[in-house]
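First up is the structure itself, then whatever we jot down about it.
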Amino acid sequence: MFPTALPTRKRRRPEAAFAGGCEEVKFRDVTLFLVERRMGKSRRNFLSNLARSKGFCVDDALSADVTHVVSEGNAAQELWSWLEEQGFRETCDKHVLHISWFTESMSAGRPVPVEIRHYIQNPAVDQRSCAHPSAKPESAVSPYACQRRTTLNNHNKIFTDALEVLAENLEFCGNQGPSLAFRRAASVLKSLPEALRCLEETQHLPCLGEHCRAIIEEISECGSCSRVEEILNDERYRTMKLFSSVFGVGPKTAENWFCRGLRTFEQVLNEPSIRLNRMQTAGFLFYEDISKPVSRTEASALKIIVEEAVICVNPSATVSITGGFRRGKEFGHDVDFIIKTPEAGQEDTILPAVIERFKSQSILLYSDLQESTFDLRQLPTHRFEAMDHFSKCFLILKLKGEQETGRDWRAVRVDLVAPPLERYAYALLGWSGSTLFERDLRRFARLERGKLLDNHVLYDKATYFQEAAISMSKCILRGIAKLCLMKY
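The sequence shown runs contiguously to residue 1408 in our numbering.
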């Protein structure tokens, strides 16, 4: 007991979860556990006492009674590895949540409803599902996008549209892990040969967790998902989507503009403190044209234009269309081409020459040339990178044709890439997409084939690490030898 001789400071009530304090617990169906890792001991104690003072039950150990695990600053993979080492398993009544749920609950003075944005998804679920494929029915869908046949006819569009809205909203919030989980779930549903008829049909599908199935169930019963409707009507989401639709404006810039109180293009363009870069300036200038879908017919017409320019510069070079049009899509937001040069070194000079050719034809509206930063010594890359290090340029070209505006041309975005000859296959694969396909291809290579694949090269993991270890040992020995020579 504290001494009573100091009445100047008000004594605090005994906390709810201390021994003998069970009568003060207001929310008996919720038991919290705060992960100390990254959070720190003192902050954890402070937050635990705060929760207890508001009537929450807080367990200092990860016991079987815990219903809500709260984490701050931990990577999902590290967190889940630790939880599983402790024997924790996520079920319908156990949740692993971001600190945001905790702070919202403290502000509300009660446990707020758990939403999808609060969850810390387990990234190992997909890996475990593909580690034992023999345990699945023969008709099971592969957990890898690169192992699924996906047609252009989406039979489950009502579900995939909802999942992609949730994914996009999480991307705008910077939650890449949960966003990727929704993207994977949507990809699985797109690959199905027919529409889902009941929720039970999702039971053996990979990448569809409890939250995705709940969304599918709600849409099946109500025709829509309440959370998706909230997002579509949310001012932040609508503004972020509007701003990020501009060529050269990414999520960070869009969020910066939103936080400044800007909501329309007119407000952005009239804001004196905003300095647009060249790409963003072109994006606003030609927004009406480049925001419209490009048809396959228009893509074919652009291929003729690009081929003419390339052959004029190098008669032996060839041009191939990539991106969504190579995958068979009828429409896209831009047109991607890969240029194959017959001799080593020609890839470094062909793009500047092609740009000059477009200038001479008066069809170049914008260009951004990025020279090659490809270095074989820095490969393979162990993290996913959407963009490679080959020579490339991002263009806006005039495409002839009658327009509603009365002009005889429209602006179209065109991307060109020129890889070294020996890296052509990797570039063609990488630029064909989709982004999720590329991610799963690397995952498949690593987990199922023991390989390391990136945008530039394919390595055997065992050989690579063995050679890297030998190389490192040689470097260490050379360093020791130099030190010995310096000493003696």
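We put the CB at the ideal spot given by N, CA and C, even for glycine.
The stretch 1312-1341 is shown to contain whole beta strand (DSSP E) runs of 3 or more residues at 1329-1338, in chain order. In the structure shown, V1166 falls within a coil segment according to DSSP collapsed to helix, strand and coil. Beta-carbon to beta-carbon, V1332 and I1258 are separated by about 17 Å, too far to satisfy the 8 Å threshold.
Residue environment analysis places M959 among the buried positions, since at least 16 neighbouring C-beta atoms fall within 10 angstroms of its C-beta.
Across the structure, K1320 and I1283 are spaced so that their CA atoms are roughly 9 Å apart. Taking all protein chains in view, the Cβ of G1248 is surrounded by fewer than 16 other Cβ atoms within 10 Å, so the residue is classified as exposed. As the crow flies, the alpha-carbon of T1238 is around 11 Å from that of C1232. If you look at D1380, you'll find it in the beta strand (DSSP E) that goes 1378-1380.
In the structure shown, K1260 adopts extended strand secondary structure according to DSSP, grouped into three states.
In this structure, K974 is the residue among K974, P1235, D1380 with its C-alpha nearest to the C-alpha of E1024. Going by DSSP, I1194 is part of no alpha helix (DSSP H) at all; its letter is neither H nor E.
The stretch 1149-1168 makes contact with the stretch 1181-1198; the number of CB pairs closer than 8 Å reaches 3 or more.
Cβ neighbours of K1223 within its own chain (closer than 6 Å, five residues either side excluded): I1241.
Annotated three-state conformation of S1220 is helix, per DSSP. For C977, the three-state secondary structure derived from DSSP is strand.
In this chain, the beta strand (DSSP E) harbouring T951 covers 951-954. Within the DSSP bridge table, the entry for G1252 names V1214 as partners.
DSSP places S1001 within a helical segment (H, G or I) once states are collapsed to three.
With a cutoff of 9 Å on beta-carbon distance, V955 and F976 are scored as not near each other.
Distances from the alpha-carbon of M1160 to those of S1140, S1111, V1085, E1227 put V1085 closest. Sixteen is the threshold: when 16 or more other Cβ atoms of the shown chains lie within 10 Å of the Cβ of C1132, as they do, the residue is buried.
Taking a cut-off of 8 Å for Cβ pairs, the stretch 1309-1319 and the stretch 1334-1343 touch, as three or more such pairs fall below it. Excluding its 5 nearest sequence neighbours in each direction, P1098 has C-beta neighbours in its own chain below 6 Å: Q1041, L1090, listed in chain order. Counting along the chain, the unbroken alpha helix (DSSP H) around S1099 starts and ends at 1096-1110. Just measuring C-alpha positions, the residue of A1087, E1218, W1021, H1124 sitting nearest P1063 is H1124.
Straight through space, the alpha carbons of C1145 and N1073 are spaced by roughly 23 Å. Considering only F1178, Q1281, G1265, the residue with the shortest C-alpha distance to A1229 is Q1281. In terms of CA proximity to A1345, H1376 leads the group W1329, R1362, H1376, G1326. The residues G1350, in chain order, have a CB closer than 7 Å to that of E1358 in the same chain once the five nearest residues on each side in sequence are set aside. Within the same chain, and ignoring the five residues on either side of E1218 in sequence, the residues whose Cβ sits closer than 7 Å to its Cβ are L1319, V1332. Per the coordinates, the alpha-carbon of R1216 lies some 44 Å from the alpha-carbon of H1018. Taking the Cβ atoms as the reference, V1061 lies roughly 6 Å from P1126, within the contact range of under 8 Å. The C-beta of E1120 has fewer than 16 other C-beta atoms within 10 Å across all chains shown, which makes the residue exposed.
Collapsing the DSSP output to three states places I1241 in a strand. Closest in C-alpha terms to Q1067, from the list K1260, A1365, T1122, R1246, comes A1365. In the displayed model, H1309 falls within coil according to three-state DSSP, outside both helix and strand.
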